[in-house]
Structures are given as structure tokens and as C-alpha cells.
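Residue numbers (UniProt numbering): 1 to 295.
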Amino acid sequence: MTVLFGQLFTGISIGAVLLLIALGLALTFGQMNVINMAHGEFIMAGAYTTYVLQQSITGAGWSLVVALPVAFVVAGTMGALLELLLIRRLYARPLDTLLVTWGVSLMLQQLARDIFGSPNVQTRAPELLTGNVALPGGLTIANNRLFILALALAAVAALTLALRLTPLGRRIRAVVQNRDLAAVSGIATSRVDRTTFFVGSGLAGLAGVALTLLGPIGPTMGTNLIIDAFLVVVVGGIGQLKGSVIVAFALGVLQATGEYLTTLSVAKVIVFVAIVAFLQWRPQGLFTLRTRSLA
């Protein structure tokens, strides 16, 4: 039972990381049908924001607290500028958005190398998040993993409440269901798009802050994460937040189980094969988007 619960929590912690990196993408990809390959670089921006703040704020705990809102604003601003300067001209051409944002991601990676250098850098974790919590039965849970899980659940709860209860959330849902009808109803869809991109990119910045607790950060860290983020969003269903939540934790548990029974490489293969098999059976994803479109 100890091994079972240990692997279960390992899978949940992996799922929390997957959820954090995919949450913002689920919002932007779902609403605007934009294949944003630069999403990983917004995660990198959040991570480097934490690194920069630690150079001026001596306490690791305080720097982490400050980094969360600052990284959200930094990454969100980068996303809003990307939408304003490039993506707003490509909404009807999703494949072009893939190529353009891929080019932007390469530029941001090179910019990070020019500023911070090519080698990975390490941030300091607060002392509170460096230990473990001992549970009955000999089970231990890492504090940093618990923090990431709490951050992911808080982000999901905040985003869900915002989408359901705020005027902005209602406008976002209206644009998702039928952009043309929302426009003729008086909703400024371009402003909604820009705000949505700001929030989605800001969530990527939060993910970058969380990832600094798990290991070193570098210019190419976003490239290693973007595929996992897209897999979570596609399997969960385009524009379906609840699908992304369920799939992130399901894939995390599957990967943790595969790693325990085999190796890390084989576990990755198992997860990929399971995703391919699921999409062959249900290509629209776990949940489908309700729409008022007549097409």
C-alpha cells in the first residue's frame, strides 16, 4: 500500500506540472484556435523572472512570493504583444500561426542565450519547500511537489471562477461559442482575444516559476515542455478546461506507473501509445465544445 500511494502521489505531482504548463494553452488554443509554439518560451520567461528576482531579493521565500505575480505580468505582456503585433493578422490561418510562433520561439531562445548565457542556471528554493512531509506507513511527500499541486489547483479554481462569474469570462465564452454572433452583439472580440492571450500567457509564467523548484532552467526548457502541453490540451478536448485537468492527472499517473514498472524512456512510449490509441477512438478529445455555430 505504501508503494501504491507513493506512486499515486508521484503521478498526481507529475499531473500537476502538466496541468500548469497546459492551462494557459488550453485557454488561448481553445478560444482563438491559435497554435502557439512560443508558449514554452513564456514558461521560460517566468522561470528566468524568478532567477532575476533572486539576484536582488536575498530571501528565497520572498523572491518566490514576488516572482509569482511578476512572472504572470511579464509572460502575459509578452503574450499580449505577440497577439497585437502578429497573431491578430493570422486568425483565419492556423497553420501560419504555427510557423510564425515557432519562429518567435527560436528568437526568444536566442534572446535568452544572449542575456543569460547558454548554460542552465539554478535558482534557490525556499527552505520551507526543500524538505518532505512524513505520513503514516513510511510515505514521504516532497514539499515542493505539494506546493506545485496547490498552485495548479488554485490556478484552475481561479480561472474557472473567472470564466463563470465575471463579465470577462462571459465574453470569452461567448466568443468561443460563436465569434461572429458575439461581434454583432457588441462584444469587442479583438479586445477579448488580447486579454485572453494575456491571461493564458501569464499562466505559462506561473508554470515557469513552479518549474524552478524542480531543477535548473535554461533557454531550451520551453521546447521540452510544449509537446506535453499540446498533448494535454488535444486529448482533453479543444477549449475544455475540465478535460485538460482530467487528462493531465491521468497522464501523470500513467507515466509514474510506467516509470515504476519499466524505465523513464519506456514510460514515455507507453504514454504516447495510449494517447494515439485514445485519439484513434475519440479524435475530438475527451470533451467536445458546445457551439452555436450553424456550420
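No residue lacks a Cβ here, since even glycine has one placed at the ideal position from N, Cα and C. Keep in mind the model is a prediction, meaning the values are calculated, not measured.
Ala92 - containing beta strand (DSSP E), residue span: Segment: none, Ala92 is in no beta strand (DSSP E) and carries neither H nor E.
Secondary structure of Thr160, DSSP reduced to three states: helix
Nearest-angstrom Cα distance between Ile226 and Ile21? 8 Å
Nearest-angstrom Cα distance between Val70 and Thr49? 7 Å
At which residue ranges does the stretch 160-235 contain complete beta strand (DSSP E) runs of 3 or more residues, listed in the order of the chain? none
Go ahead and pull the three-state DSSP assignment for Leu286. coil
Three or more beta-carbon pairs under 8 Å between the stretch 55-68 and the stretch 176-196, yes or no? no
Would you list the residues sitting across from Asn132 in a DSSP beta bridge? Ala142
Contact under 8 Å by Cβ, Ser105 with Met37: yes
Can you tell me whether DSSP reads Val121 as helix, strand or coil? strand
Which residue wins for smallest C-alpha separation from Ala155, given the options Leu128, Ala210, Val271 and Thr123? Ala210
State whether the stretch 228-237 contacts the stretch 279-290, with contact taken as three or more CB pairs (one from each stretch) at a distance under 8 Å. yes
Can you tell me whether Asp180 is buried or exposed, with buried defined as 16 or more other CB within 10 angstroms of its CB? exposed
The stretch 247-258 in contact with the stretch 6-18 per 3-pair CB rule at 8 Å: yes
Arg173 versus Leu139 - alpha carbon distance: 43 Å
Report the option in Leu64, Arg191 and Phe29 whose CA atom is closest to the CA atom of Arg124. Leu64
Go to Val247, then tell me how far its alpha helix (DSSP H) extends in each direction, as first and last residue. Leu241 to Leu261
State the DSSP-derived secondary structure class of Thr50, mapped to helix, strand or coil. helix
Proximal residues to residue 316 (C-beta, below 7 Å), its chain only, five neighbours per side dropped: Absent from the structure is residue 316, since the part of the chain shown begins at 1 and ends at 295.
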